[in-house]
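In what follows, a single structure is set out as structure tokens and then discussed.
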């Protein structure tokens with residue numbers, strides 16, 4: 001009997017064979033759906049243009065354009081001049097009520113944070129595939145129901161719940177994709193998936209540009225996820241997770257299936273079993289590992305805090321720049337699409353250098369370049385428009401690259 005670790009088996013059956021490439025493509029297409037929902041508020045809460053007429057019906061004064069009497073929409077008889085109907089125009093979230101649009105985005109992000117912190121470990125208990133399907137179904141349901149919300153409060157509550165589920169889809173799909181390939185291909189697979197998210201931003205912008213109401217956009221973005229409910233027919237449970245749970249027979253069956261589809265089944269030994277430890281069938285001395293391991297030693301705690309800070313900075317900067325792209329002036333749809341598509345060259349560069357200089361230098365280097373570029377913008381005079389645009393582009397490219405590396409560092 002020959003005992004092989006999961007990594008040894010992938011070396012035999014192919015670390016990134018045709019079978020795993022199809023899985024990677026499946027997870028990459030899923031990123032389109034996730035991009036739709038992560039940026040949904042950008043267009044569902046789009047600022048409307050309007051005219052404010054005095055409620056007393058006085059014709060002495062011309063209407064105010066994109067302004068309210070005493071900054072209060074309740075004192076205006078409003079006429080919206082944009083064809084697209086956002087929830088901002090439906091519920092008059094303008095002037096001193098405008099902050100509620102940003103509040104909805106914050107509530108959504110609060111849901112994402114809750115899902116990541118509180119429910120992130122669910123996949124370790126019930127499995128990657130089950131968790132992914134449950135979270136995906138929850139995202140479709142809560143986000144879909146929000147399209148029919150009668151009030152802003154109801155919509156915000158549904159979006160919070162949708163954010164919880166969407167966070168699980170993001171985390172589990174990434175971990176899942178990494179566990180189905182060999183060690184040497186994890187960086188490529190992870191950054192390729194991040195690149196797909198960038199393409200999803202462009203697709204979402206194009207989709208939003210042809211919608212007439214925020215409700216239609218929300219509903220279509222939600223039901224588009226239904227197609228991914230067939231994933232269990234296409235992608236098996238993670239053999240690494242199954243092996244970690246002692247379900248070696250199931251993991252072995254999945255790995256043998258992958259070997260057949262990769263044309264490498266004949267390369268497997270005649271009589272073999274999975275060993276999580278790599279060279280022994282005695283698994284009785286395995287100790288469960290959890291979050292407590294991250295604070296078990298001062299050095300490990302320091303590394304954990306550094307990673308937390310790195311994630312915070314990258315997430316805040318990346319989503320801040322992406323969400324704010326629609327406010328740069330010009331066409332909001334084009335600006336948002338370009339903010340996503342310019343990430344593609346950043347990901348290509350990251351793929352090209354990460355295996356040459358390592359993940360740490362790649363991450364730190366791009367963070368320093370991106371941070372410096374954004375910081376310089378604050379000190380330039382107003383008339384240096386072209387220089388500011390160039391620096392903003394450099395900042396977005398760099399932070400996109402570092403954010404994609406964060407997932408695999």
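Numbering (the working numbering), first residue to last: 1 to 409. For every residue, glycine included, the Cβ atom is placed at its ideal position computed from N, Cα and C. The structure presented is a predicted model; accordingly, all values stated were derived computationally and were not measured.
Can you tell me where the beta strand (DSSP E) with residue i in it begins and where it stops?
i          : result
residue 2  : 2-4
residue 51 : 50-54
residue 79 : 76-80
Would you mind giving the Cβ-Cβ distance between residue i and residue j, rounded to the nearest angstrom? I have them listed as a contact below 8 Å.
i           : j           : result
residue 13  : residue 327 : Rounded, the Cβ-Cβ distance is 49 Å, inconsistent with contact.
residue 179 : residue 37  : At roughly 24 Å, the Cβ-Cβ gap does not stay under 8 Å, so residue 179 and residue 37 are not in contact.
residue 316 : residue 405 : Not a contact, Cβ separation roughly 16 Å.
residue 241 : residue 4   : About 17 Å separates the two Cβ atoms, so there is no contact after all.
residue 322 : residue 201 : 7 Å
residue 174 : residue 407 : 6 Å
residue 345 : residue 2   : At roughly 45 Å, the Cβ-Cβ gap does not stay under 8 Å, so residue 345 and residue 2 are not in contact.
Pick helix, strand or coil for residue i, following the three-state DSSP scheme.
i           : result
residue 407 : coil
residue 275 : coil
residue 151 : coil
residue 234 : coil
residue 218 : helix
residue 85  : strand
residue 65  : strand
residue 213 : strand
residue 262 : coil
residue 345 : helix
residue 353 : helix
residue 17  : coil
residue 288 : Its pLDDT being 49, under 50, residue 288 is placed unreliably in this model, and the value from its coordinates should be taken loosely. Coil.
residue 98  : coil
residue 384 : coil
residue 124 : helix
residue 30  : helix
residue 159 : helix
residue 92  : coil
residue 73  : helix
I'd like to know if residue i contacts chain D, where contact means its C-beta is closer than 8 Å to some C-beta of that chain.
i           : result
residue 177 : Any reference to chain D falls outside this structure, which holds one protein chain only.
Locate the alpha helix (DSSP H) running through residue i, then write down its first and last residues.
i           : result
residue 133 : 128-146
residue 186 : 186-209
residue 307 : 298-324
residue 371 : 359-377
residue 43  : 40-44
residue 244 : 239-244
Apply the 10 Å Cβ neighbour rule to residue i and answer buried if 16 or more other Cβ atoms are within range, or exposed otherwise.
i           : result
residue 343 : buried
residue 117 : exposed
residue 172 : buried
residue 378 : exposed
residue 372 : exposed
Does the segment 190-197 touch the segment 149-162, meaning 3 or more C-beta pairs lie closer than 8 Å?
-> no
Inspect the CB distances between the segment 383-398 and the segment 292-301 and report whether three or more fall short of 8 Å.
-> Result no; under three Cβ-Cβ pairs closer than 8 Å.
At a cut of 8 Å, does the segment 121-133 reach the segment 76-88 through at least three beta carbon pairs?
-> Short answer: they don't touch.
Is the segment 221-236 in contact with the segment 34-53, if contact means three or more CB pairs nearer than 8 Å?
-> Here the segment 221-236 lies against the segment 34-53, with 3 or more beta-carbon pairs under 8 Å apart.
How about the segment 227-235 and the segment 64-72: do they share at least three Cβ pairs that are nearer than 8 Å?
-> no
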